[in-house]
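Novice:
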Amino acid sequence: MNNFKETVGEILKNPIIAETNKRFMNSVVLDGYIIKQPKFFKHDEKGIESCSFVLFQVNNINGSVDLYSYSCITYIPEIVEYLKSMKNVTMVNAQGILKYSKKLRMYYSHVVKLDDLIELDTPLAQEERS
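Per this note's numbering: the sequence shown = residues 1008 to 1137.
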């Protein structure tokens, strides 16, 4: 019987793992609400536009509210344009790749597909400035 480290070592030696595209190893699928206005960035050197947004999961269980948040970013032009047109709180399904930012020291989801599920009549919250 292998211990944990030996088992991980065996997995890493497996030729199937070596051929697997690494970007599929960290795939993530999230359902949640876009509540706050997304932020848009223009990258002048490449002419690329990106969008960062927070995906919130809100659960009300027996009067106790749990709020989870997930940082997301996308460079996909169609998704950026969709997020620009968003006016109301919307429940979405986001599919992407989990990445780590050394600069921010946190994980974020690099969204490659976004489907809207439910749009509410509630306007998006604006960023509060202090």
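All residues carry an ideal CB built from backbone N, CA and C; glycine is no exception.
Everything numeric in this text was worked out from a predicted model, so none of it was measured.
Name, in chain order, the residues that DSSP records as bridge partners for GLN1044.
Specialist: DSSP output for GLN1044 lists no bridge partner at all.
Novice: Cβ atoms of TYR1040 and THR1081: under 8 Å apart, would you say?
Specialist: No. Outside cutoff.
Novice: Give me the DSSP bridge partner(s) of ASP1073.
Specialist: Answer is ASN1066.
Novice: Which residues bound the beta strand (DSSP E) around TYR1107?
Specialist: Its beta strand (DSSP E) spans residues 1095-1108.
Novice: How big is the Cα-Cα spacing for MET1093 and ASN1069?
Specialist: Each residue's Cα considered, the two are about 31 Å apart.
Novice: To which residues does DSSP link VAL1061 through a beta bridge?
Specialist: Answer by DSSP bridge pairing, in chain order: SER1078.
Novice: With distances taken from CA atoms, which of GLU1052, TYR1077, LEU1019, ILE1083 is nearest LEU1037?
Specialist: Cα-wise, what sits closest to LEU1037 is TYR1077.
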